[in-house]
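Chains A and X, in that order, are what the protein sequence lines are. For the first sequence, my numbering begins at 277 and goes up steadily by one. For the second sequence, my numbering begins at 277 and goes up steadily by one. For each residue, glycine too, the CB sits at the ideal point set by N, CA and C. Just so it is clear, the structure is predicted and the values come from calculations on it, not from any experiment. Remarks on the structure that follows.
2 protein chains.
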Amino acid sequence: MAFTLSPPPPHLLPPKTSRAGPSFICHSLSSSSSSSTPYSMGQKMGGSKLMEFPHLLDPHRDTMISLISAVENCLGSHLLPSSVPPDVEYYQNESGTSQGTLCVRCGIDSSPVDFVLASWLHLEQPTGGGALDITNIAGYMKSSTEVPHFQFELVQCSPTYFILFLDLIPRRDTVSHPDYLKTFYEDTQLEARRQRLGQLPEVQPYFSSSLYFRGVVSPTGILVSIKCEDGGKERVEEIIRDHIGPISNEVAGIWMDMCVGGGGEVREAERAELEKRDSLIKRKAIEMDLSSSLPKQFGQEVADRVLRVIRSVYKT
Amino acid sequence: MAFTLSPPPPHLLPPKTSRAGPSFICHSLSSSSSSSTPYSMGQKMGGSKLMEFPHLLDPHRDTMISLISAVENCLGSHLLPSSVPPDVEYYQNESGTSQGTLCVRCGIDSSPVDFVLASWLHLEQPTGGGALDITNIAGYMKSSTEVPHFQFELVQCSPTYFILFLDLIPRRDTVSHPDYLKTFYEDTQLEARRQRLGQLPEVQPYFSSSLYFRGVVSPTGILVSIKCEDGGKERVEEIIRDHIGPISNEVAGIWMDMCVGGGGEVREAERAELEKRDSLIKRKAIEMDLSSSLPKQFGQEVADRVLRVIRSVYKT
Numbered sequence: 277m278a279f280t281l282s283p284p285p286p287h288l289l290p291p292k293t294s295r296a297g298p299s300f301i302c303h304s305l306s307s308s309s310s311s312s313t314p315y316s317m318g319q320k321m322g323g324s325k326l327m328e329f330p331h332l333l334d335p336h337r338d339t340m341i342s343l344i345s346a347v348e349n350c351l352g353s354h355l356l357p358s359s360v361p362p363d364v365e366y367y368q369n370e371s372g373t374s375q376g377t378l379c380v381r382c383g384i385d386s387s388p389v390d391f392v393l394a395s396w397l398h399l400e401q402p403t404g405g406g407a408l409d410i411t412n413i414a415g416y417m418k419s420s421t422e423v424p425h426f427q428f429e430l431v432q433c434s435p436t437y438f439i440l441f442l443d444l445i446p447r448r449d450t451v452s453h454p455d456y457l458k459t460f461y462e463d464t465q466l467e468a469r470r471q472r473l474g475q476l477p478e479v480q481p482y483f484s485s486s487l488y489f490r491g492v493v494s495p496t497g498i499l500v501s502i503k504c505e506d507g508g509k510e511r512v513e514e515i516i517r518d519h520i521g522p523i524s525n526e527v528a529g530i531w532m533d534m535c536v537g538g539g540g541e542v543r544e545a546e547r548a549e550l551e552k553r554d555s556l557i558k559r560k561a562i563e564m565d566l567s568s569s570l571p572k573q574f575g576q577e578v579a580d581r582v583l584r585v586i587r588s589v590y591k592t
Numbered sequence: 277m278a279f280t281l282s283p284p285p286p287h288l289l290p291p292k293t294s295r296a297g298p299s300f301i302c303h304s305l306s307s308s309s310s311s312s313t314p315y316s317m318g319q320k321m322g323g324s325k326l327m328e329f330p331h332l333l334d335p336h337r338d339t340m341i342s343l344i345s346a347v348e349n350c351l352g353s354h355l356l357p358s359s360v361p362p363d364v365e366y367y368q369n370e371s372g373t374s375q376g377t378l379c380v381r382c383g384i385d386s387s388p389v390d391f392v393l394a395s396w397l398h399l400e401q402p403t404g405g406g407a408l409d410i411t412n413i414a415g416y417m418k419s420s421t422e423v424p425h426f427q428f429e430l431v432q433c434s435p436t437y438f439i440l441f442l443d444l445i446p447r448r449d450t451v452s453h454p455d456y457l458k459t460f461y462e463d464t465q466l467e468a469r470r471q472r473l474g475q476l477p478e479v480q481p482y483f484s485s486s487l488y489f490r491g492v493v494s495p496t497g498i499l500v501s502i503k504c505e506d507g508g509k510e511r512v513e514e515i516i517r518d519h520i521g522p523i524s525n526e527v528a529g530i531w532m533d534m535c536v537g538g539g540g541e542v543r544e545a546e547r548a549e550l551e552k553r554d555s556l557i558k559r560k561a562i563e564m565d566l567s568s569s570l571p572k573q574f575g576q577e578v579a580d581r582v583l584r585v586i587r588s589v590y591k592t
């Protein structure tokens, strides 16, 4: 789900910033081998903007690099090189104030992983209200497995205000499938991670403006705002470095264990149901995030180019 | 869902109070006609403990009476008289410190309402930590309709600490059925009610310890704690009287409009799916709330008696 892939993500952002002005960049997974380091990944992808995350606080950048590195190390052998065209891998608006990148690596035939997507966006606010920085890593699964999708999204709305969405997104209705809940959410102790972060006084539950999206989030999903008005930038950096980074890596690790663990196979007859549900989630994500805001931020031509790639990856 | 019908409701209560000691009472809907007043309902039901809510703060009692009255006024013609035996309508533990009541009115054949249930419980804490007061009104629908179930539950954990669960519980997976979400949650403006309550500084999102239960709650469900350490009892009373009461009545009103509005019919072929989902929710509610805690609070004999009635109403 590209819940913050697009500029802007209105359901994830506070009302005042959701119609922010143009400008974004987006970084991506490299096509490097599983033994590569984050630095070498950046170089292999062209040595330009990738893996630079130029607009982020250091711990935010480090968290992204660490997650991308972990995914590549663990799932690299599952993934094909990125096939995103250069003018979608990096794009910007006419004035260059909005920038975006997108990288997608599809799973090889024998992998349960459908694709892994990474991006970062930089949006200069039109009214001089600072910048909006969105980073996103998502892992989507094929319908041959019921293993949840992975989603990490960290949005910097201001120097001291962040929104985090970190979740394993259920493929089934957990009310009708309590065994699914037990296997992927209870037995994996995801709740302990949610609680650890929730104990910080700066962290508050965040309610998306999209009721649909609220239903997509799992019972252990982390959807929070982080406000550090008192502690300032130092406290923000501390929270990202000491809490968000480690917890995100743990959740990503749990997900990758599921991916390579070989469980969760879905019988042929049941795959259509999963595909239908997944497809609705993806279509809604595009509707909510992309189809109206991309043209506004980047103009119709760039938006069409980017949307074409995303729709083809999402198969919607 | 009898999420606080039972003593104690471990998924809804803070860890420290969830294994509270014995004692409860439970009130119920009367079998009075739709034109009856709350007072006359109490009298008609025997004039004894019903509708008294003896242990509650005035605004808490008023809220319950108002909701019961509204349900009876609007749905009275849909409902049969209560058929709960007297020793389940009111019951207590051996020492009389835990008390409970239960009233259930089933829907007539032609009604989409399956049953309406009301109860109140009073639990004296074993360690002298005060009392726990639980009140509950639930309306469950038949599988001939997809109209959500109604649930109101207000728990007084201490003189200044409450938990509220107020929701229309979805009958379908809202991710797979976005039209369902639109009809029953978006178009009905339920979110505005949730937000109004959430704006109070004493009100915080509450996370049930049951991951299953979290999935049952709708995207606009109100599951909150209310802590009034500073304002004391007066502020608690104010919040219940000026906010919880009116909002609960509005949500109940929205639900009753759905009940009598005639929409949401389910085709014969789809009813088994709804029945299966409903049945899982009810079974989980009994597992979580009742099957272990009732015997602890009231002894095996009383627990068996009460559970027999609930299982027969729940058809589980």
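Check: Alpha-carbon to alpha-carbon, V578 of chain A and Y488 of chain X; Outcome: 43 angstroms
Check: Helix, strand or coil at S494 of chain A [DSSP, three-state]; Outcome: coil
Check: 8 angstroms Cβ cutoff, E551 of chain X in contact with chain A; Outcome: no
Check: Within chain X, the residues that T496 of chain A reaches when beta carbons sit closer than 7 angstroms; Outcome: L487
Check: Enclosing alpha helix (DSSP H) for F574 of chain X [first to last residue]; Outcome: 569-574
Check: Inter-residue CB distance, P335 of chain A and G521 of chain A (contact presumed, cutoff 8 angstroms); Outcome: 6 angstroms
Check: Status (buried if at least 16 other CB within 10 Å, exposed otherwise) for E510 of chain A; Outcome: exposed
Check: S434 of chain A, enclosing alpha helix (DSSP H) - first and last residue; Outcome: That residue, S434 of chain A, is in no alpha helix (DSSP H); its beta strand (DSSP E) goes 425-434.
Check: Selection from X:V431, X:G405, X:D409 that minimises the alpha carbon distance to H398 of chain X; Outcome: X:D409
Check: D390 of chain A beta carbon less than 8 angstroms from that of K418 of chain A; Outcome: yes
Check: Residue from X:R469, X:E505, X:H425, X:T421 whose Cα sits closest to the Cα of A545 of chain X; Outcome: X:T421
Check: Test item: CB-CB of R543 of chain X and R447 of chain X under 8 angstroms; Outcome: no
Check: Among X:N525, X:V392, X:T373, X:T464, the one whose alpha carbon lies nearest that of G404 of chain X; Outcome: X:T373
Check: First and last residue of the uninterrupted beta strand (DSSP E) at Y416 of chain X; Outcome: 407-417
Check: CB contact below 8 angstroms: S452 of chain A versus chain X; Outcome: yes
Check: Residue nearest to T411 of chain X in terms of C-alpha spacing, selected from X:P402, X:F438, X:R584, X:H425; Outcome: X:F438
Check: The segment 455-475 of chain X in contact with the segment 492-502 of chain X per 3-pair CB rule at 8 angstroms; Outcome: yes
Check: Delimiting residues of the beta strand (DSSP E) encompassing I445 of chain A; Outcome: 437-445
Check: The segment 528-557 of chain A: positions lying closer than 9 angstroms to chain X by Cβ; Outcome: E549, K552, R553, L556, I557
Check: Simplified DSSP state of Q471 of chain X, which is helix, strand or coil; Outcome: helix
Check: Nearest to Y416 of chain A (by Cα), restricted to the options A:V431, A:P402, A:C382, A:P435; Outcome: A:C382
Check: Span of the beta strand (DSSP E) around H453 of chain A; Outcome: Unbroken run through H453 of chain A: none, as it is neither H nor E.
Check: Classification of A414 of chain A by the beta-carbon crowding that lies within 10 angstroms, buried from 16 upward; Outcome: buried
Check: Environment of I384 of chain A [buried if 16+ CB atoms lie within 10 Å]; Outcome: exposed
Check: I557 of chain X beta carbon less than 8 angstroms from that of V492 of chain X; Outcome: yes
Check: Neighbour flag for P481 of chain X against chain A, beta carbons, 8 angstroms; Outcome: yes
Check: Near-chain X residues of the segment 440-464 of chain A - C-beta to any C-beta below 7 angstroms; Outcome: D449, T450, V451, S452, P454, L457, Y461, E462
Check: Contacting residues, own chain, Cβ-Cβ under 7 angstroms from D363 of chain X (five flanking each side not counted); Outcome: R581
Check: Reference T459 of chain A; option with closest CA among A:Y367, A:G537, A:S588; Outcome: A:G537
Check: Which listed residue (A:V512, A:Q368, A:Y482, A:R517) has its alpha carbon closest to that of L343 of chain A; Outcome: A:R517
Check: Cα-Cα separation between E563 of chain A and F483 of chain A, rounded to whole angstroms; Outcome: 19 angstroms
Check: Proximity test, Cβ basis, 8 angstroms: V423 of chain X and chain A; Outcome: no
Check: Sub-8 angstroms separation of G352 of chain X and T436 of chain X beta-carbons; Outcome: no
Check: Close Cβ partners of I301 of chain X (< 8 angstroms) along its chain, the five nearest in sequence each way excluded; Outcome: For I301 of chain X, the pLDDT reaches just 18, beneath the cut-off of 50, and the residue's location in the model is therefore unreliable, leaving the point undetermined.
Check: Within 8 angstroms of chain X by C-beta, residues of the segment 500-519 of chain A in sequence order; Outcome: none
Check: Nonlocal neighbours in the same chain, by C-beta distance under 8 angstroms from L550 of chain A, ignoring five residues either side; Outcome: S419, E422, R447, R448, V542
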